[in-house]
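To keep things clear, I will list the structure first and then write my remarks on it.
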Amino acid sequence: MEKFPSYQRLFLFLLAGIALVVVGGLLKRQNVGGAGLFALAGLAIQAIAMIMMVYRYAKGLGKS
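Sequence positions in the sequence shown follow numbering that gives the first Met the number 0 and run 0 to 63.
Below, the structure written as structure tokens:
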């Protein structure tokens, strides 16, 4: 059986992604080189966390 992180851990990953996007946006506003990488990494983390949350929720619906 596949083990997925708990909803709390996935939510923390989502918050970390949000923080990276905000930091990337602030750095981009200051014209710092490499700021786009922060935003891109944050968006990637958010996408992965959301996909895992939706998959875990859908997997739980099938058990009923």
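For every residue, glycine included, the Cβ atom is placed at its ideal position computed from N, Cα and C.
- Item | Residues of its chain near K27, where Cβ-Cβ distance is below 6 Å and the 5 sequence neighbours each way are ignored | Once the five neighbours on either side are set aside, the close Cβ partners of K27 are A34.
- Item | Range covered by the alpha helix (DSSP H) that runs through V53 | DSSP places V53 in the uninterrupted alpha helix (DSSP H) bounded by A34 to L60.
- Spatial neighbours of I44 within its chain, please: CB distance less than 7 Å, with the 5 preceding and 5 following residues excluded, ordered by chain position. Same-chain partners within the cutoff: F12, A15, G16 and L19.
- Can you give the beta carbon distance from M51 to L25, rounded, assuming they're within the 8 Å contact cut? Cβ atoms of M51 and L25 stay farther apart than 8 Å, at about 27 Å.
- Hey, how far is the Cα of A57 from the Cα of V21? Straight-line measurement puts the Cα of V21 at about 30 Å from the Cα of A57.
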